[in-house]
Structure formats: C-alpha cells, structure tokens
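Engineer:
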C-alpha cells in the first residue's frame, strides 16, 4: 500500500512510496456530484458542475475539497437523513472538478508498480498450480495420495507446521514448513486445482481483480462467477451486464456464469429467521453454496477451486490477518488475494486510469456496495438504500417491522433504526416447533426423540458408517459399525415422531448423532452441507440421498457447531426466555452472591443454614446462585466441585471467584447475556443493561428480567467480581466492564477445559478463542487479552503437572489438553 497525500493543484490525491508530514492516516474515496445532490448541497449554498469527474473526497463521513475539511455528515439511519455540520467559513463554496488528466498522470508511475506486482502475483500463482496439475496428471504415483491429509496428520503428530511441496522431479512431498522455507520451496495448498475463477461481486475491488486477471492469464484458463444472492442492489445487477459486454468484446472465449440458490432469500427468512451478528447464514446459503455447487466436477465431486478475489486488508481487522494465498471457509476452496495490500484510493485510481466499468452506486455515495439490507452494513448504507431503492428494501423491512412488533418490542421504529435487530436474529411467528430434538443421557445410553422431522434420520445416519436395522411393527433395533466398535440401537417410529436410543459411552459419536438429529429435524434444503462433501456422495435435491461414495469423513456434520444452519435457529432466533431451562434466571430475589455469605458458608457449612446473617429471601438467593455455580446439588447438598471450591476459597479467594464467574456464564441467563452483550470497555447501569438484553430478544417477563439484572448489579457491589475481577468497576453513576488480564493460570486452565468440553475437543488454537462467533472461553468470560493468555499458557505448559501442552513457537498457537483430565479434575490437580 502506497502512502497518500492531497494533491491540491489537481484537486485529487497523490501516491507516494514513503511517509511524509502530509501523509493521510486513512485512505479517502472520491465523491461525485450525485452524492452531493443526495445530501442537498446544491440547495445549501454549494455550486458545482454535474460532470463525470469527482468533485470532492471523503474519509468516513468527512468531506474534503482540495485538502480542506468542508463538512461532516452525521446521524443517518434507515429512516432519517444525516445532518450536515459545516466548518466555519465553509457554509457555501464553488467547487471545481478534479483535474483527472493531471491527477492520473502524477500517479501513473506508482500505479504501474502496484498493478504490475499484482499481475505478476496472479500469473505466478496460476503458473504454479497449473504446473501442479500437470505433475498430478502425468505421474501416476501422485494421483493416489492425499498429500494435504498427510500434512495435516503429520502436523498433529509432530506438533510443528508441515507443508506440501513439489520436488524437481515433479513428485510431491510433505516436509516441515521451516525446512521448506529455508530451501526456498513453494508451499502448496493443494496438489490439484480443478477450476480457476475470478469472483465478481459488483464492487470496485472485484472489478479491479477481474481486470488484473484478464491481463495476467489466458481467458480460457479461468471463468468469472457472479453470485446473485437476491439481496443485490439494482446498479450491481446492471454493472454485471455491462461487465459481461465489456470483456466479452475483448475476450470472446471468457466464460461468465451466475450462481443462484434454488429458493429466494425471503423464503429462507421465513424458514430460519433474519441474519444477524451471531446467525450469519446468508453468505453461506445464498452466495458460496450455490457458487461451489455449480462448480462440481465428474461424479458430483466438489471441485478444487482457486478463486482470485478482491479482499483487501484495509477493510477489516480480520482481513488484515489473511495470507495472500490461503484456504477458504469451504472444503477444497483456496483463495488468492491479489490486491490484499491495496487501499480504497488505489482501487478507484485503477478503475479511473483504465476507464473500466464502475458501479453507479459509488457515485451515489456508497462506500461499499453490498446488499439491500445487511446486519453487517452501516447506518449510512441503510439511509442510501432507503432513499434510492425503497422498493427493493420494502419486502425485507416489512418482515422486520412485523416480526419485531410480534416479538414484544414496544418501540419498533427505534429498534430497527438503531440496528438492534442485527444483535440477535428474529424469527417469523409462523416458525413453529423450534424444539424438535429432545435428548436424554444416562448409564451410557443416549435417547433422541425427533418431533416432525424434515428429512430421513436413517439416510443421514449413513454418514457415520454402515448399519443394519430390523423392524417389528413400530419398533426397530439395529447396530452401526464404527471403526472396530459395534454400537447397538433401538427405537420406535410413529407418525411425526421418532425415538431412538444408542447404547454407547463414546462421547464423540453421541455428539455427531446429535448433529445428525439436528439435520433430520430442521433441514430446509439449503445445500450448504452438500458442498462440504469432497466425494460427491451427498445430494440434498431433489431428495436427500447419501451414496456409496461416502467415506464417513463427517465433514458434512462438523462444518457447523450444530451440524445444520437451520438447527442453529433454535438458540439464535429471538424467542421468549423460557424460565427453568438450561440457563436459569429466576430465584435470585434481586440479591447477588455476596462475599460475606460465601465466607459464612465456607467457615461452617453444617450450621450455615441456621445463620442469622441471612433472611429467608437471602437463603433462597444463595441456593439459586450456588446451584448455578455447581456448589450445591438439587437437594442443597455440597457437590464434589463444591468441596474443591470450599478448599480453594480458604487458600485463594480470588481464584474461587474466578471459577464462580466462569461457571455462571454457562448456567445463569443474566450472567451469560452480560458477558456476550457487554464488551470490555463498555459502561453500563441497571437500566442500560436491561434495555440491551430486552433489545436483543423478547422476554416473557420484564419484571423477572429487571430482578435478575438487579441481582447481578448487587453481586458486582458485594463481591470481588465487580472490582476485583473488573467486571463491574465503579465509575461515577455507572459501572465499567474492563478486560481482566490478571486472570490466574489456574483459572485459565479450568476455563480452557470447560471450553474443550463445550466444543468436544482436546485440541484447538489460541486464535479460536478470539473468533467473532466464539461463545465460550476466557475472552468471553473475562475479556482477557491474547498476550496475557500466551504468557500464562507458557507457564502452564512448563509447569511440572503440565495440565496442557501449548505450542507457541514458529507461528504455532496450538493448545492440547490432557485426555485423562476434565474441568473438575484439572482444578483439583493444580490447586492441591
């Protein structure tokens, strides 16, 4: 990325290779007369020509003319136009357009360097993988080995990064990554690529990449795919037709294709609710699944695809961590990012310099061209869509308005315009029977009951392994072969109800069976799991079928936590808070767990219940909190964990309260919602916390919610959780949730074992704990920084007890837990 300065003479910008005193901190975008008209500048004392060239530049919503800040736009939302705040003396102005010839002339040398570097990157990447294809096809020994799987297994075994490389003799090999780098060998993500594509979205970045790819490789070597999600802005659809004509004239052999889901996006809204921050199904269902399904090769197999895309690091913190070539989110998909280090300014300069088709939406003020409505969009985008394309947005907004109203939110317009709907998904009132999977486990048996399943459970069961089954009237029994084990099962099949019991203590098998149950119960034929199948065994349409090609890799199950996007709506769609479910909310009586109560209980647990320190309501509150923590059982008897925690409290009260907070996040509704909705650095009080929770989901009793919030605030005041653990620091009339980097190593170990149990894994990465959709772990619990975790991991990994192994060198961030420990026993071990 080049540095950017204002070029006051041309009215444009100037790229420079180094930082100067005039270097801008943020890249500006061009502003055309259409956007100024939309803001009403022509009626507010500004005079300007309506020409093709831009007139101003914008950084966020600050507008600059020849390097001077003129005004700022504030307050736009889905219903309201922005207010314009002018700099003193800038209330009126006569604007001249940017001198395009001068600006482009002054930037052509720097642009030549960056665009030719990108062209060389594309050509080099294509040549390398085209060569890999030739080596794969011409040498028979290369065709029968999955080198990527070998590298993955070697990495787990050796605990070091491994790489697939091509040797001079055209054979492939698996070697340590540092050895490959030292030898100057290219690391390969795949030993075969079936399709090279340029992903086109209608935005400026994909436009730039498409043009670069046409300049780098033959038009017969790749194809252009546009995903029509059903959310597209009208100018994006128009641009795609212009682009097809533009490149069709220049490269008649270049193939263009459009990928679409077989159903409309509004139908999916009706079936699985609105997309949201935590329920982001739309990209997978409407964009990537149709795209990669369209690219299948012979035998319905999922093609190995290398996609050149327009991802830029400047767009987000997450993207800034991308490698330039890397594995995509879907199986067999690899992404190359030619303009990863380009700025938005450089992308626009490229389009101007080469006079490429440009999306008209940019001239109207869109900084990013996305969807007509999006939980990840901005208030500014909401305003523009409502102003320019109200008819396109209306079907979505009508549903939002209706569903928010039905959910019990009083001020519907405020809820929508403040974008609270994106925090937690909303569901259609027509969605019935969300709880279609009932699970009970005891004595090494797991019973699953399916109510009105959407697809065939036994067809899905084929992905686990071969099985046999016999029927006698409504009952059945059978067995499934899982490796060397035989797992028996039995059950009853009735109309709209299936009951099946598996006799096994294999936890991994049970978790996968639950994912199968979710698929059978909730499947809406979205086809996302179909593109996870590398063998082409899975067909969703016209009818679910799993062919004999299935190798039981379980990728169709494990790509998603629940195994199924539709099943995820059960816990993501905003519904009523169900009292007495797995997350408790009642029973606290407005009291938090108080330090003095715990001290009294630990000092004399036998006589505690006769104490005069607590009244009846306080005893009830203590029981409710203690059961949520796991100190007391249903009969108010001390549990095994309770005994461990009592001993810990006597020696290390701070650790006691750290464990208390961790456990409450997974058992107490109010603590769970606080940890997930109130981010570190956020100020809050009782009212704002209650409003945040009620905004994110409808509640059956506001009184119960306010009582629970009051109990939490009381706990912040009367226990070390507030000030000591920094979860509710006193700050004038409000409290502040702060990142707690002083988390003890013992509590971190306990937290990581809880994380492993929740996710059914003994191996994960530090980076997994910081993913946007993570629902548990030390960051959610305490907001602890990555650096603080790394320091404590090094200590735990070198401790004589070595309760975990942390591989943190050479770019690794792997954590491996011991299979002989669980969250309770690890706590007992490290505090003995």
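In the numbering used here, the protein residues as written are 476 to 1307. Backbone N, C-alpha and C fix where the C-beta goes; we use that ideal spot for every residue, glycine too.
(1) Apply the 10 Å Cβ neighbour rule to residue 742 and answer buried if 16 or more other Cβ atoms are within range, or exposed otherwise.
(2) What are the start and end residues of each continuous beta strand (DSSP E) run of 3 or more residues lying completely inside the segment 1134 to 1164, in chain order?
(3) When burial is assigned at 16 or more other CB atoms within 10 Å of the CB, is residue 494 buried or exposed?
(4) Does DSSP classify residue 894 as helix, strand or coil?
(5) Who are residue 1289's beta bridge partners in DSSP?
(6) Pull up the distance between the alpha-carbon of residue 544 and that of residue 839, whole angstroms please.
(7) Since residue 1304 contacts residue 1276 with CB under 8 angstroms, what's their CB separation in whole angstroms?
(8) Taking the continuous alpha helix (DSSP H) assigned at residue 685, which residues delimit it?
(9) Applying the 10 Å Cβ sphere with the 16-neighbour rule, what's the burial state of residue 1037?
(10) Using only alpha-carbon positions, find the residue among 916, 1257, 884 that is nearest to residue 1157.
(11) Give the range of the alpha helix (DSSP H) segment to which residue 946 is assigned.
(12) If I measure Cβ to Cβ from residue 744 and keep anything under 8 angstroms in the same chain, skipping five residues before and after, which residues do I get?
(13) Suppose contacts are defined by Cβ-Cβ distances below 7 angstroms. Is residue 1204 in contact with residue 1215 by that definition?
(14) Would you say residue 1065 faces chain C, with C-beta separation under 7 angstroms as the test?
(15) So, at 6 angstroms on beta carbons, what are the nonlocal neighbours of residue 1101 in its own chain, with the 5 sequence-adjacent residues on each side left out?
(16) Cβ of residue 832 within 7 angstroms of Cβ of residue 687?
(17) Which residue comes first and which comes last in the alpha helix (DSSP H) that contains residue 838?
(18) Under a Cβ-count criterion, where at least 16 other Cβ atoms within 10 Å of its own Cβ denotes burial, should residue 1115 be classed as buried or exposed?
(19) Alpha helix (DSSP H) containing residue 1305: first to last residue?
(20) Just the Cα atoms here: how many angstroms apart are residue 1057 and residue 920?
(21) Give the DSSP bridge partners of residue 639, in chain order.
(22) I need the DSSP call for residue 538, collapsed to helix, strand or coil.
(23) Just to confirm before moving on: does the CB-CB distance between residue 1225 and residue 1298 stay below 7 angstroms?
(24) Out of 788, 939, 595, point me to the one whose CA is closest to residue 815's CA.
(25) Can you tell me which of the three DSSP states residue 1181 falls into?
(26) Hey, out of 992, 959, 964, whose CA is closest to residue 944's CA?
(27) Give the secondary structure of residue 1055 by DSSP, where H, G and I count as helix, E and B as strand, and everything else as coil.
(28) Compute the Euclidean distance between the alpha carbons of residue 604 and residue 805, then round it to the nearest angstrom.
(29) Kindly indicate the opening and closing residues of the alpha helix (DSSP H) around residue 861.
(30) For the 8 angstroms Cβ check, are there 3 or more pairs between the segment 928 to 940 and the segment 1018 to 1031?
(31) Let's see if you can read the secondary structure: which residues bound the alpha helix (DSSP H) around residue 422?
(32) Classify residue 520 as buried or exposed, calling it buried when 16 or more other Cβ atoms lie within 10 Å of its own Cβ.
(33) Classify residue 792 as buried or exposed, calling it buried when 16 or more other Cβ atoms lie within 10 Å of its own Cβ.
(34) Between residue 674 and residue 556, how many whole angstroms is the CB-CB distance? I'm expecting something under 8 angstroms.
(35) Taking residue 785 as the reference, give the member of 504, 685, 969 with the closest Cα.
(36) If we ignore side chains and look at the alpha-carbon of each, how far apart do residue 860 and residue 757 end up?
Structural biologist: To lay it out plainly:
(1) That one is exposed.
(2) 1157 to 1159, all fully within the segment 1134 to 1164.
(3) Exposed, since its Cβ has fewer than 16 Cβ neighbours within 10 Å.
(4) Residue state, collapsed to three classes: coil.
(5) Answer by DSSP bridge pairing, in chain order: 1240, 1282.
(6) Approximately 20 angstroms, taken between the alpha carbons.
(7) Yes, they are in contact, since the Cβ atoms of residue 1304 and residue 1276 sit about 6 angstroms apart, within 8 angstroms.
(8) In the DSSP assignment, residue 685 falls within the alpha helix (DSSP H) that extends over 679 to 691.
(9) Answer is buried; the Cβ neighbour count reaches 16.
(10) For residue 1157, the nearest C-alpha among the options comes from 1257.
(11) Premise fails: residue 946 lies in the beta strand (DSSP E), 942 to 947, not in any alpha helix (DSSP H).
(12) Hits under 8 angstroms: 871, 874, 903.
(13) No, these two residues do not count as a Cβ contact at 7 angstroms.
(14) In the structure shown, chain C does not exist; there is a single protein chain.
(15) Within the same chain, Cβ atoms closer than 6 angstroms to the Cβ of residue 1101 are found at 1107, the five residues on either side in sequence being excluded.
(16) No; because the gap between Cβ atoms is not below 7 angstroms, this pair is not in contact.
(17) Counting along the chain, the alpha helix (DSSP H) containing residue 838 begins and ends at 835 to 838.
(18) Exposed, since its Cβ has fewer than 16 Cβ neighbours within 10 Å.
(19) It spans 1298 to 1305 - the alpha helix (DSSP H) in which residue 1305 sits, taken as one unbroken run.
(20) Because residue 1057 sits at a pLDDT of 44, beneath the cut-off of 50, its placement in the model cannot be relied upon, and the point is left open.
(21) Assignment of beta-bridge partners to residue 639 by DSSP yields 649, 663.
(22) Note: residue 538 maps to strand in three-state DSSP.
(23) Closer than 7 angstroms, so yes.
(24) The residue from 788, 939, 595 with its alpha-carbon nearest to that of residue 815 is 788.
(25) It is helical.
(26) With distances taken between CA atoms, residue 944 lies nearest to 964 out of 992, 959, 964.
(27) Note on residue 1055: pLDDT 31, under 50, position unreliable in the model; the coordinate value appears next. DSSP places residue 1055 outside both helix and strand once states are collapsed to three, so it counts as coil.
(28) Each residue's Cα considered, the two are about 19 angstroms apart.
(29) Residues 854 to 863.
(30) The segment 928 to 940, when compared against the segment 1018 to 1031, does touch it at the 8 angstroms Cβ threshold.
(31) The question about residue 422 has no answer here: the residues shown for the chain are numbered 476 through 1307.
(32) Exposed, by the Cβ-count rule.
(33) Interpretation of residue 792 is limited by its pLDDT of 49, a score under 50 that renders its predicted location unreliable; the figure taken from the coordinates is listed afterwards. Classification of residue 792: exposed, given that the 10 Å Cβ count is below 16.
(34) Incorrect: roughly 34 angstroms between the Cβ atoms, too far for contact.
(35) Ranking the options by Cα distance to residue 785, first place goes to 685.
(36) Computed Cα separation, rounded: 19 angstroms.
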